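J.: Taken in order, these protein sequences are the chains called A and B.
For the first sequence, full-length UniProt numbering assigns the number 1 to the initial residue and increments by one for each residue that follows.
For the second sequence, full-length UniProt numbering assigns the number 1 to the initial residue and increments by one for each residue that follows.
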Amino acid sequence: MIRFLLRRLLGAVAVLLALAALSYLLFYAMPGDPAQLACGKGCTAPQLAQVRHALGTDQPVLRQFWTFLTTLALGHGFSTGPSTVWCSAPCLGYSYQSNESVTQMLLDRLPVDVSLALGAAAIWLLLGIGTGLYAALRPGRLRDRVVNAVILTLGSTPVFVMALLLLMGACVWLQLLPFPNYVPLTEDPAQWAQNLLLPWLAIALVSAAGYTRLTRAGVLETLNQDHIRTLRAYGYPERRIVLRHAVRGALPTVVTVAAMDIGMVLAGAVFTETMFGLPGLGKLAVESASTVDLPVVCGITLLAGALIVVANTVADLLHAALDPRVRI
Amino acid sequence: MSGHVTLTSTEPGAAVESAAALPTGAQRPAGGAAGVWARRGGRAAAVTVGLLVLVALTAPWLAALEGQDPNSFHDTLLNSATGGSPNGTFGGISAQHWLGVEPTTGRDLFARLVYGARVSLGVALGATLGQLLLGLLVGLAAGLADGRRGGRWVDALLSRVTDLALALPTFFFSIALLAVVPQSFPRPLLLGLILTGLGWAPIARIVRAETRVLREREYVAAAVLTGAGSWRIARREILPGLVAPVATYTAIVIPQNMVAEAGLSFLGLGVRPPTSSWGQMLSTSTTWFQVDPTYVLVPALTLLVCVLAFAGLGEALRVAFDPKSPVPAHTRRGRRKQAAGKKGEAR
């Protein structure tokens, strides 16, 4: 266990280092000059040189990368004219656009994605496992085929099309809900849930398909195994066999995939956030990309990578916990 | 202890692993196209995909048939009082403008849609082709590398690079790249290149896994004995065995690429007006969904139908290549086959 975690940690650090290097090289060694971007239009040559010095872009690339890494790990003092600002430990620098600390910007956005991911995951798990079970109980029959067709359709719908259709359906034609407008959970839980309902549905309806398939396949496979035959021979009620024993067979994969999917949503649900105007990481990524705000883009890429790596590790641990055949 | 083998299916390429686990076409060489055609769903999907490709290829003639072009403005058809929404019902649908016109500009939607098909399909198919080539090359090189001449290092290096490419948050990378590359670079080409660069890894993984299995077969050993070189073995002995898993995965990847292109254009990072793609059309339409729902539904439903058709084709291909799937009974050939099978049993 500890050896596994250690190895995973080393692997994660290696992946993140490579990711940092790649994003750094891509974004800082690109033709666009960050100093020019930070300084804005109508920037005079001496000003430009000063900004360049403040950003450190007058240094060689390797040295810059080293500074970037040490800043991230240890913090760094930034001189803004006369005073010096200390940016503490996980320091990703300052936004070119708003001069805010990138770390703070990311922390501010994260709760939105946590709300989004957890709510959506609850719905897609319920929906996916439910429909998967429903289909698995009568394989090859009409209900199986209907579920398969519906799920294939929902699952291949692009999430932004789904979001758009939901928005048009619920807010314009049926007028069931007002337009979503993010309210933090701490402010008003009822409003929070109401405003996130459509975003949750958009993500969940598209994602549920995979879970339906996993559940269906897992349950069908387990139902053909010897221990289920034995239970049937003992005269266990079929209901109990399915709910207690057959579902177990599908559970490890479902939970593993769910952990990874939650990681993906946490790292920023770009389309859902853009479509519903939720102030999350994905929206920030798009905004900062369109204004070429490199520190923010770099920070989000790294955070997204880190979240995905963590989610994968959690997925492996959960898989091992749920499936006694898997050892770590 | 070391859970490396048991845990591979939970790595980012989980879907990939299951696709790699698909049986190879070796047991059932006549799977492919005939198998897809024999199934009702597969046939419907194949016809739809064929029609869409035809629409993309004949876009200029289709627009000429309608008598419109995708870029000319029609101010007279717009209602300036509502901020430029089209006159008439359903977004200004008329005999001249089959799907109505675009708000604020009055550009013809049908013409933009058929021209947009060229970008959407072109980028998706181009990117898929690029991913296939790169994935096949890397996968074959890693899969065929053996102990001799430092082959193990080649395999290890290529596999780690593949792992890294799989772990990248691809979407953020493409957003960032699209923002950084200067506007003068042709966008459809850039989209294709980015999607290729970020999407080849799953294919490389499948190909490597399959190659490892295939190269242990006796016919490959026979080829080695006759003195065939690596390149010849890759081309003549391994490649035919890769057709089933790679074709199946390709059919999954095409709609993914199409959605990725549409998504990036939707975010305003892909093609820009006056060039149209379905994602670009959706992108500009989102602010109009209250006033002019037709404008939203036209690209949204087209994209949906197209993605569904490709997904259906992929599903049909997967079923066709799966030796466990039943022979389709509702076709004449299938019925004959089943009848023949039963006769055989009786004997």
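C-beta: ideal position from N, C-alpha, C; glycine also.
These figures come from a predicted structure and were not determined experimentally.
Whose Cβ in chain B lies nearer than 8 Å to the Cβ of L165/A?
T.: On the first sequence, residue 165/A is found 165 positions in, with the first residue counted as 1. Within chain B, the residues near L165/A are A300.
J.: From this set, T291/A, L284/A, T222/A, which residue's C-alpha is nearest Q104/A's C-alpha?
T.: Indexing the first sequence from 1 puts residue 104/A at position 104. Here the closest residue by C-alpha is L284/A.
J.: If you measure beta-carbon to beta-carbon, which residues of the stretch 261 to 287 of chain B are closer than 8 Å to chain A?
T.: A262, G263, F266, L267, G268, L269, L282, T286
J.: With a threshold of 7 Å between beta-carbons, can Y211/A be considered close to chain B, or not?
T.: In the first sequence, residue 211/A corresponds to position 211, counting from 1. False, the Cβ-Cβ gap to chain B never drops below 7 Å.
J.: Step through the CB atoms of chain B and report whether any lies within less than 7 Å of the CB of G280/A.
T.: If you number the first sequence from 1, residue 280/A lands on position 280. Not one chain B Cβ lies under 7 Å of G280/A.
J.: Any residues in the stretch 196 to 221 of chain B with a beta carbon nearer than 7 Å to a beta carbon of chain A? Which ones, in chain order?
T.: For the stretch 196 to 221 of chain B, which is checked against every Cβ of chain A, not one residue is closer than 7 Å.
J.: For V61/A, is the classification buried or exposed, using 16 other Cβ atoms within 10 angstroms of its Cβ as the cut-off for buried?
T.: By one-based count along the first sequence, residue 61/A stands at place 61. V61/A is exposed by the Cβ-count criterion.
J.: So which of W98/B, T48/B, T287/B has the shortest CA-CA distance to L65/B?
T.: Here residue 65/B refers to the residue found at position 65 when the second sequence is read from its first residue. If we check each option's Cα against that of L65/B, W98/B comes out closest.
J.: Can you give me the C-alpha to C-alpha distance between L137/B and L166/A, rounded to a whole angstrom?
T.: Mapped onto the second sequence, residue 137/B falls at position 137. Mapped onto the first sequence, residue 166/A falls at position 166. Cα-Cα distance, rounded: 42 Å.
J.: Could you tell me whether the stretch 170 to 186 of chain A touches the stretch 91 to 109 of chain A, where touching means 3 or more Cβ pairs closer than 8 Å?
T.: Contact fails: fewer than three Cβ-Cβ distances are below 8 Å.
J.: For the pair the stretch 270 to 285 of chain B and the stretch 101 to 120 of chain B, tell me if three or more CB-CB distances fall below 8 Å.
T.: yes
J.: Pull out every residue of the stretch 167 to 190 of chain B whose Cβ sits closer than 8 Å to any Cβ of chain A, in chain order.
T.: A167, L168, P169, F171, F172, F173, I175, A176, L177, L178, A179, V180, V181, P182
J.: Do the stretch 308 to 320 of chain B and the stretch 38 to 54 of chain B meet, that is, are 3 or more Cβ pairs less than 8 Å apart?
T.: At 8 Å Cβ cutoff, the stretches touch.
J.: Which term fits W61/B, buried or exposed, when burial requires 16 or more other beta carbons within 10 angstroms of its beta carbon?
T.: Here the question's residue 61/B lines up with position 61 in the second sequence. W61/B is exposed by the Cβ-count criterion.
J.: Which chain A residues are close to P255/B, counting only those with a beta carbon under 7 Å from its beta carbon?
T.: Translated into positions along the second sequence, residue 255/B becomes position 255. Per Cβ cutoff of 7 Å: S156.
J.: For M105/A, return the contacting residues in chain B, with the cut-off set at a CB-CB distance below 8 Å.
T.: The sequence position of residue 105/A within the first sequence is 105, counting from 1. What M105/A touches in chain B: nothing, since even the nearest Cβ is about 15 Å away.
J.: Can you pull the chain A neighbours of L164/B, defined as C-beta to C-beta under 7 Å?
T.: In the second sequence, residue 164/B corresponds to position 164, counting from 1. Neighbours of L164/B on chain A, chain order: V15, A18.
J.: Can you list, in chain order, the residues of its chain whose CB lies under 6 Å from that of Q191/A, leaving out five sequence neighbours each side?
T.: Reading the first sequence from its first residue, position 191 is the one you call residue 191/A. If we look at Q191/A and ignore the five residues flanking it on each side, its Cβ neighbours are V183.
J.: Mind checking whether L223/A and A20/A have CB atoms under 7 Å apart?
T.: For the purposes of this step, residue 223/A is identified with residue 223 of the first sequence, where counting begins at 1. For the purposes of this step, residue 20/A is identified with residue 20 of the first sequence, where counting begins at 1. No, the pair does not count as a contact, with Cβ atoms beyond the cut-off.
J.: For A311/B, go through chain A and note every residue whose CB falls closer than 7 Å to its CB, in chain order.
T.: Here the question's residue 311/B lines up with position 311 in the second sequence. Within 7 Å Cβ-Cβ: L152, S156.
J.: Is L198/B near the ligand NAD, judged by its Cβ being under 6 Å from some heavy atom?
T.: Looking at this structure, you won't find the ligand NAD or any other ligand, since it has none at all.
J.: Any contact between the stretch 214 to 232 of chain B and the stretch 156 to 169 of chain B? By contact I mean 3 or more CB pairs, one from each, below 8 Å.
T.: no
J.: Whole angstroms is fine: what's the gap from L57/B's alpha carbon to A111/B's?
T.: One-based indexing of the second sequence puts residue 57/B at position 57. One-based indexing of the second sequence puts residue 111/B at position 111. Answer to the nearest angstrom: the Cα atoms are 13 Å apart.
J.: Got a sec, what are the start and stop residues for the alpha helix (DSSP H) V292/A sits in?
T.: As a position in the first sequence, residue 292/A is number 292, starting the count at 1. From DSSP, V292/A is part of no alpha helix (DSSP H); its letter is neither H nor E.
J.: Confirm, please, whether the CB-CB distance from M260/A to A320/A is below 7 Å.
T.: Position 320 of the first sequence, counting from 1, holds the residue named residue 320/A. Position 260 of the first sequence, counting from 1, holds the residue named residue 260/A. In this structure, M260/A does not lie closer than 7 Å to A320/A by Cβ.
J.: For E237/B, I'd like the list of residues in its chain whose CB is within less than 7 Å of its CB, leaving aside the five on either flank, ordered along the chain.
T.: As a first step, residue 237/B is located in the second sequence; it is residue number 237 there, counting from the start. Excluding sequence neighbours, E237/B sits near Y219, V220, A223.
J.: Looking at the C-beta of I300/A, does it have a partner C-beta in chain B at a distance below 7 Å?
T.: In the first sequence, residue 300/A corresponds to position 300, counting from 1. So, interface residue.
J.: Should V259/B be flagged as near chain A, meaning a C-beta pair shorter than 7 Å?
T.: If you number the second sequence from 1, residue 259/B lands on position 259. With its beta carbon less than 7 Å from one in chain A, V259/B belongs to the interface.
J.: Compare the Cα-Cα distances from W288/B to each of L220/A, R63/A, M275/A and report the closest residue.
T.: Locating residue 288/B in the second sequence gives position 288, counting from the first residue. Comparing Cα positions, the closest option is M275/A.
J.: Which two residues bound the contiguous alpha helix (DSSP H) that contains Y94/A?
T.: Here residue 94/A is taken as the residue at index 94 of the first sequence, counted from 1. Careful: Y94/A lies outside any alpha helix (DSSP H) and carries neither H nor E.
J.: Taking the alpha-carbon positions, what's the R272/B to T248/B distance?
T.: Along the second sequence, one-based indexing puts residue 272/B at 272. Along the second sequence, one-based indexing puts residue 248/B at 248. Between R272/B and T248/B, the C-alpha separation is close to 33 Å.
J.: Determine whether the Cβ of V297/A lies closer than 7 Å to any Cβ atom of chain B.
T.: Looking up residue 297/A in the first sequence gives position 297. Chain B, which has a Cβ nearer than 7 Å to the Cβ of V297/A, makes this yes.
J.: Could you check where the alpha helix (DSSP H) with D155/B kicks off and where it finishes?
T.: Position 155 of the second sequence holds residue 155/B. 151 to 167 is the span of the alpha helix (DSSP H), which, as asked, contains D155/B.
J.: Strictly below 9 Å CB to CB, what residues from chain A border F73/B?
T.: Numbered from its first residue, the second sequence carries residue 73/B at position 73. Against chain A, a Cβ distance below 9 Å from F73/B picks out nothing, because the smallest value is about 25 Å.
J.: Could I get the ranges of all uninterrupted alpha helix (DSSP H) runs contained in the stretch 245 to 329 of chain B, with 4 residues as the minimum, in chain order?
T.: Complete alpha helix (DSSP H) runs here, min 4: 278 to 285, 293 to 321.
J.: Along chain B, which residues have their Cβ under 8 Å away from the Cβ of T272/A?
T.: The residue given as residue 272/A occupies position 272 in the first sequence. Those do not exist, as T272/A stays about 11 Å from chain B at its closest Cβ, beyond 8 Å.
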